[in-house]
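All you need for this note's numbering is the position in the sequence shown, starting with 1, plus 275.
A short worksheet on the structure shown next.
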Amino acid sequence: MTLSPHATEIRRMFGAVAPTYDLLNRTLSLRVDTRWRRRAVRESLRPGDRRVLDLCCGTGDLALEYARRLGPGGQVVGLDFARPMLRLFQRKRERSARAAVRPSILEADSLSLPFADAQFDIVSVAFGLRNLDGTLEGLREMARVTRPGGRVVVLEFSPPLHPRLAHRLFSLHFRHVLPRIGRLISRHPTAYRYLPQSVEGFPPRERLVEMMSEAGLRVLVARDLTVGIATLFVGERS
Ligand SMILES: C[S@@+](CC[C@H](N)C(=O)[O-])C[C@H]1O[C@@H](n2cnc3c(N)ncnc32)[C@H](O)[C@@H]1O
Numbered sequence: 276m277t278l279s280p281h282a283t284e285i286r287r288m289f290g291a292v293a294p295t296y297d298l299l300n301r302t303l304s305l306r307v308d309t310r311w312r313r314r315a316v317r318e319s320l321r322p323g324d325r326r327v328l329d330l331c332c333g334t335g336d337l338a339l340e341y342a343r344r345l346g347p348g349g350q351v352v353g354l355d356f357a358r359p360m361l362r363l364f365q366r367k368r369e370r371s372a373r374a375a376v377r378p379s380i381l382e383a384d385s386l387s388l389p390f391a392d393a394q395f396d397i398v399s400v401a402f403g404l405r406n407l408d409g410t411l412e413g414l415r416e417m418a419r420v421t422r423p424g425g426r427v428v429v430l431e432f433s434p435p436l437h438p439r440l441a442h443r444l445f446s447l448h449f450r451h452v453l454p455r456i457g458r459l460i461s462r463h464p465t466a467y468r469y470l471p472q473s474v475e476g477f478p479p480r481e482r483l484v485e486m487m488s489e490a491g492l493r494v495l496v497a498r499d500l501t502v503g504i505a506t507l508f509v510g511e512r513s
């Protein structure tokens, strides 16, 4: 795998926080993150879908959710470049009795997918697109391996939108509480400061919708979840 210095740093960081990643996810999001992933699957999966690729899969929560919902004969591939994350996914997969489908796990770079064109019914990414060296490049690579009529699914934190109290409180939590708890539990000096910074640097919803079109996708869903803390995007490959 040939990676840029930035991607190498990101890979090292996620490798280091892997042991506490799930615990922090559940604690810091007050478990709302599991609901968001379920919603992503519900809004993207169609009868007859067979092959799903989940990029930046981390410890596998979204891949496992697709595996639970796909019928027999389905196939899910979870892909990530941080091996410690994938090891945790592997353990979770062994324990996941509810899944009809057993996901495959692949260590690779999301910007250089080891697949031919038009292989998958769904290509998803949850909280991963913002970490890639190029958002548009990432979307283009996702669209490339999606079959015409298949869907590209992006679940991502969103830059602040609503001046509503709940959102302001969350912003406060995100910028000040989260980095402190994150540092305490993960013992990583910067990873949980990087999180709010990377969200603020991510393109706003309207720009992401444009980028999806530029990548050859017809946007079907661009929906804010939980007062706009996260946004779900689903685009159909033309
Ligand atoms: C915030 S985690 C999200 C994990 C999971 N999708 C979830 O919903 O919890 C981001 C993941 O993206 C992975 N990642 C970042 N850049 C990547 C790249 N270029 N190729 C593959 N994985 C990447 C990291 O290793 C990390 O596991």
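Glycine is no exception: its CB is placed at the ideal position from the N, C-alpha and C atoms.
Remember, predicted model here, so these are calculated numbers, not experimental data.
- By alpha-carbon distance to Q394, the top candidate from K367, T309, L404, R419 is R419.
- Look at the beta carbons and you see the region 316-326 not touching the region 480-491: under three pairs across the two are nearer than 8 Å.
- Within its own chain, the residues whose Cβ lies closer than 7 Å to the Cβ of L404, once the five positions on either side in sequence are excluded, are T410, G413, V429, E431, listed in chain order.
- With 16 or more neighbouring CB atoms inside 10 Å of its own CB, R368 falls in the buried class.
- Of the heavy atoms belonging to ligand 1, at least one sits nearer than 6 Å to the Cβ of L407.
- Cα atoms of L299 and R362: separation of roughly 17 Å, rounded to the nearest angstrom.
- In the structure shown, the three-state DSSP call for I456 is helix.
- DSSP places Q472 in the uninterrupted alpha helix (DSSP H) bounded by 466-475.
- Looking from the CA of I285, the closest CA among I397, P347, R343, D355 belongs to D355.
- R458 and L470 have their C-alpha atoms some 11 Å from each other.
- Of L447, L388, S433, I460, the smallest CA-CA separation from R480 is found for S433.
- Using a cutoff of 6 Å, the CB of F402 counts as near ligand 1, since one of the ligand's heavy atoms is closer than that.
- When Y296, S446, E511, Q472 are compared, the shortest CA-CA separation from V494 is found for E511.
- Annotation: the region 367-402 contains the following complete segments of the beta strand (DSSP E) (minimum length 3 residues), in chain order: 379-382, 395-401.
- In the structure shown, A293 adopts helical secondary structure according to DSSP, grouped into three states.
- Between ligand 1 and the CB of M360, the shortest heavy atom gap is smaller than 6 Å.
- Residue D392 holds the alpha-carbon nearest to the alpha-carbon of G425 among S446, H451, I456, D392.
- The Cβ neighbour count for P347, taken over all protein chains shown within 10 Å, is under 16; the residue is labelled exposed.
- The three-state secondary structure of F449, taken from DSSP, is helix.
- For the pair V327 and I397, the CB atoms are nearer than the 7 Å cut-off.
- Rounded to the nearest angstrom, the gap between the Cα atoms of L500 and W311 is 7 Å.
- Where D336 is concerned, the enclosing alpha helix (DSSP H) starts and stops at 336-344.
- Spatial neighbours of V292 in its own chain (CB-CB distance under 6 Å, excluding positions within 5 residues in sequence) are listed in chain order as S461, H463, A466.
- Excluding the 5 residues flanking it on each side, R482 has no same chain C-beta neighbour closer than 7 Å.
- The alpha carbon of D329 has as its nearest neighbour, out of F402, G503, R468, F445, the alpha carbon of F402.
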